[in-house]
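> What follows is a structure written as structure tokens; I'll ask about it next.
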Amino acid sequence: MPKTILITGATSGFGLLTARLALSRGWVVAAASRHPEAVPPDGTGRERLLPLRMDLSDPASVREGLRAMEERFGAPDALVNNAGIGLLGAAEEVAPEALRRQFETNFFGAVELTRAVLPAMRARRGGQLVFVSSDLGRTGAPGLSAYCATKHALEGWAESLFHEAAPFGIGVTIIEPGAFRTGFH
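The opening position of the sequence shown corresponds to residue 93 in the numbering used here, with each subsequent residue numbered one higher.
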């Protein structure tokens, strides 16, 4: 039986590349995005691909997307928390609602989705959780205070989860890419 992977932010950049790679290796892929119709056709393993509408800033959307995936493929063997948004602006200039929106997507959305898939992974004593962060998850940068703050929070949470999940056979990986041309904004 093929392994199942849930990937957020799967319509472009690292998420799209990860989805294509997983399909090429025989995985079943749930490709989550706010705009799943934008998942470009590839031809490789389309029968193993489920584009999912999922807005990580909306808990109801996350629950519905996860339910649709589980109905079709079952619980995921792996989760790639890749979705994120970036916001430019000096620390004192970023509007509170914009900062909250960025935290909802980049941090709280990933946390809640991870918490939703953990029970099934614990029950089968295995799974892999991947958090796509940034090299800015370890340092600050002018004009990117909101983004850096969300990635610092995500990395701290994921590092703690690494220790909590290990006894259940669940791996936790943080990826910290630098600057890439992915269309991220």
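Positions of the beta carbon are idealized from the N, C-alpha and C atoms, including for glycine.
(1) Candidates Q194, A170 and D169: which alpha carbon is nearest G181's?
(2) Please classify G218: is it buried, with 16 or more other beta-carbons within 10 angstroms of its beta-carbon, or exposed?
(3) Can you tell which of E184, S116, F254 and G232 has its C-alpha closest to the C-alpha of L210?
(4) How many angstroms separate the CA atom of E189 from the CA atom of L171?
(5) With a cut-off of 8 Å on the beta carbons, I'd call N198 and L246 a contact; round off their distance for me.
(6) Enumerate in chain order the residues of its own chain whose CB-to-CB distance from V264 is below 7 Å, with the five nearest sequence positions on each side excluded.
(7) Look up R140 in the DSSP assignment and say whether it is helix, strand or coil.
(8) Measure the CB-CB distance between A122 and L108 and report whether it falls below 8 Å.
(9) Using only CA atoms, which one of T206, A233 and L191 lies nearest to L158?
(10) Contact defined as beta carbons within less than 8 Å: I believe L98 pairs with P168. What is the distance between those atoms, to the nearest angstrom?
(11) Spell out the partners DSSP gives A123 in its beta bridges.
(12) If I measure Cβ to Cβ from L228 and keep anything under 8 Å in the same chain, skipping five residues before and after, which residues do I get?
The relevant details are as follows:
(1) Q194
(2) exposed
(3) F254
(4) 28 Å
(5) 6 Å
(6) L221, A250, L253, F254 and A257
(7) helix
(8) Cβ atoms of A122 and L108: not closer than 8 Å.
(9) T206
(10) 4 Å
(11) I99 and P143
(12) L236, Y239, C240 and K243
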